[in-house]
Structures are given as structure tokens and as C-alpha cells.
Amino acid sequence: MMTYAIGLNFHGIGKPKRVLEPGEAPYWVSLGKFEYMLDQVAAAPDPSRFVITFDDGNLSDHDIALPALTARGLQAHFFVLTSRIGQHGALDAGHIRALRDAGMTIGSHGIDHVAWPTLNDTALERELRDSRVRLEDICGQQVTEAGIPFGRYDARVLKALRAANYATAWSSDSGKFRTHAFLRPRTSLRGDMSESMTTLILSGQMSPLRRLRRALGMTQRRWMVTG
Ligand SMILES: [Zn+2]
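Quick note: the sequence shown uses the working numbering, first residue 581, plus one each step.
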């Protein structure tokens, strides 16, 4: 039997406590919408079919997501931007350790929030390796997962991820994935998504928005793809 899972990716929850990047605002969701999604996952016949992830290392990962996940017995993966650790509105080392202590998986989102295909080999290796080492120092354990910034990757990026000892890389490609795949798609939740769209996403079908973006050739834009 083929086992499939569905990746749900969040960024910020509630009101941002830092200055957002251009195009980032639609990827922040309200507390109400976030809790609605978590309730849907927790009420599913098999909640383990869903993998919940968070990109960027916003403070809301700790202040909002952690208690909401714990209250529902859910776990998640947090992909942290290491250049932001300790900055206003972002996770600090203590927050990251609190997530780890609650059984959450900590992974890398790189250092500087740049699109990895645009980097030369040296800069790409630094993003992948130095961010991992920093997080391993904080967590005191191996970091083996990466969340790919803006969902942008190519064959060279995937090769570099493997060379930097990552076991799993999370894209923003939408749809279902086989649970042992190296590259795993996720669907990013947006604040402006309707309930019918979130229902579609929870059913594992590619979101109409994603299909539209692909049809319009918009997948190379930074925050249009997300992440
Ligand atoms: Zn990101």
C-alpha cells in the first residue's frame, strides 16, 4: 500500500511583530483561521496523514502555534531563518529549544531568506551548512530537514541539499507526497483563502490558486510561490 501525506505550510499567525518583506503579508493567517485548520487536522480520521510546517521562524511559532498544537496533541516542523534568530518578532534560541522540548522538529530555512537557485555554489553551500550547524548548536541534536525558501529549487539545489547531509527537503509545490520521499511538497496557507479552498487543500487536491499561478507562469516570483 502506498502511504501518502499532505503538507500544510504556515508562515506567521496573528499580527506580525516585525516589518514584513514585500509580498509576505498574504501569507500571514489570523488566529481563527489557524485554529480552524488545526481543528480540521485533529478531527481527521488519521491526523498523521497531515504534516504541519512553519517557515521563517516568526515569534508566532512559539507564542501562538506551540500552545495551539500542544493543546490538540499535534506535532509540527519549524524551518528557521538563522540570521533572524533573536531579532524582534522572530524566535530566539530559547524559543527554538522550547519547540524542540515539546517534540517539534527543527529544520533550516537557510540564513538570509534568499532564493537558493540564484546563489553561486559557495554561497549556496554556506546557506545550507552554516544554518544547519547554528541550529544544531542551539538544539544539541542533528538537524536533517530543510524548508526551501520561496519553494524555489532546481537540480543543483537538491544535489547541494543532499551533499550538506539533509535527509528531507520541503518544497511549496502542493499536493500529496509519499512519506519516504526526499523532496516533499507542501501547500502554503494564505490569510485570504476561502473555507472551500482550505477544504480542497485538506483533501490533498492541488489548490486552484496554485494551478492558476502555474498557468500564468508566475511560479518564479518570490512570495507569489511563497515561503
Ligand atoms: Zn520563507
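Note that CB positions come from ideal geometry on N, CA and C, so glycine has one too.
What would DSSP say about residue i, mapped onto helix, strand or coil?
{"i": "Pro788", "result": "Annotation note: pLDDT 48 at Pro788 (below 50); position unreliable, coordinate value reported separately. Of the three classes helix, strand and coil, the one that applies to Pro788 here is helix, per DSSP."}
{"i": "Val599", "result": "coil"}
{"i": "Thr799", "result": "Bear in mind that the predicted position of Thr799 carries a pLDDT of just 49, short of 50, making it unreliable; the figure below should be weighed with that in mind. Note: Thr799 maps to coil in three-state DSSP."}
{"i": "Met581", "result": "Its pLDDT being 49, under 50, Met581 is placed unreliably in this model, and the coordinates cannot settle the point."}
{"i": "Asp643", "result": "helix"}
{"i": "Val805", "result": "With a pLDDT of only 49 at Val805, under the threshold of 50, the placement of this residue in the model should not be trusted, and no figure is reported."}
Label residue i either buried or exposed according to how many other C-beta atoms from any shown protein chain fall within 10 Å of its C-beta, with 16 as the threshold for buried.
{"i": "Ala645", "result": "buried"}
{"i": "Ala535", "result": "Here the chain comprises residues numbered 581 to 807, so residue 535 is not present and cannot be evaluated."}
{"i": "His591", "result": "buried"}
{"i": "Val805", "result": "Because Val805 sits at a pLDDT of 49, beneath the cut-off of 50, its placement in the model cannot be relied upon, and the following sentence gives the value as read from the coordinates. The residue in question, Val805, is buried, as its Cβ has 16 or more Cβ neighbours within 10 Å."}
{"i": "Ser774", "result": "exposed"}
{"i": "Pro788", "result": "Low confidence applies to Pro788: its pLDDT is 48, below 50, so where it sits in the model is not reliable, and the reading given next is rough at best. With fewer than 16 Cβ atoms within 10 Å of its Cβ, Pro788 is classed as exposed."}
{"i": "Val723", "result": "buried"}
{"i": "Thr662", "result": "buried"}
{"i": "Val599", "result": "exposed"}
{"i": "Glu601", "result": "exposed"}
{"i": "Leu704", "result": "buried"}
{"i": "Tyr584", "result": "exposed"}
{"i": "Asn589", "result": "buried"}
{"i": "Asp753", "result": "buried"}
{"i": "Asn745", "result": "exposed"}
{"i": "His668", "result": "exposed"}
May I ask which residues mark the beginning and end of the alpha helix (DSSP H) holding residue i?
{"i": "Phe762", "result": "Where Phe762 is concerned, there is no enclosing alpha helix (DSSP H), given that its DSSP letter is neither H nor E."}
{"i": "Ala673", "result": "673 to 681"}
{"i": "Asp701", "result": "701 to 719"}
{"i": "Thr650", "result": "646 to 651"}
{"i": "Tyr616", "result": "611 to 623"}
{"i": "Leu741", "result": "735 to 743"}
{"i": "Thr779", "result": "775 to 782"}
For the beta strand (DSSP E) containing residue i, list its first residue and its last residue.
{"i": "Ile632", "result": "630 to 636"}
{"i": "Thr685", "result": "685 to 688"}
{"i": "Gly748", "result": "The amino acid at residue 748 is misidentified as Gly; the sequence shows Thr. Thr748 -> beta strand (DSSP E) spans 748 to 750."}
Based on the DSSP secondary-structure assignment, which residues constitute the bridge partners of residue i?
{"i": "Tyr607", "result": "Answer is none; Tyr607 lacks a bridge partner."}
{"i": "Leu588", "result": "Ile632, Thr767"}
{"i": "Ile593", "result": "Val609"}
{"i": "Phe757", "result": "Ala585"}
{"i": "Gly727", "result": "Trp750"}
{"i": "Val660", "result": "Asp636, Ser688"}
{"i": "Ala670", "result": "Asn638"}
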